[in-house]
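Worksheet: the structure to be examined is printed underneath.
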Amino acid sequence: MDNIIRPDFQRAAKARAGETRKPGASSPVQYVKTYGEVGSHAVSLVRTRSGLGGDVYQVVIDMPGGQVGPVGVEPATKDGMFDADRVGIAVLRTLELLALRSGDFDVA
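Under this note's numbering, think of the first position of the sequence shown as 1, with each following residue one higher.
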């Protein structure tokens, strides 16, 4: 199965330590669409080159300080786009429910 998400724990540890990694020239990121916004958070879909030999779709959460994520990764295929859309809508709905429950966000 080539669409299994494999966590990169070293990248997460570096991010917690304050180190940031910017995409290099070999990994351009292409904005595809935004699923919606909740307060200052936006859920978007981007297409990027994977180090494993192909393009992937990434569902990301955009905040004023930068991106959180990816929260979902799928291969850049027709089926991958379908699955990424489902992930994007689910993440957006989760943010909406958290906003209504906590009152921390203004629901757009």
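Here a beta-carbon is modelled for each residue, glycine too, at the ideal position from N, C-alpha and C.
Should valine 73 be labelled buried (16 or more other beta-carbon atoms within 10 Å of its own) or exposed?
-> buried
How close, in whole Å, do the beta carbons of alanine 76 and valine 56 come, if the pair is a contact with beta carbons under 8 Å?
-> Indeed they touch by this definition, with Cβ atoms about 6 Å apart.
Can you tell me the Cα-Cα spacing of aspartate 79 and arginine 86, whole angstroms?
-> When only Cα atoms are considered, aspartate 79 and arginine 86 end up about 11 Å apart.
If you count every other CB in all the chains shown that lies within 10 Å of the CB of proline 70, and 16 or more means buried, which is it?
-> buried
Rank Val60, Arg101 and Gly54 by C-alpha distance to the C-alpha of leucine 45 and give the top, closest one.
-> Residue Val60 is the option with its Cα nearest to leucine 45.
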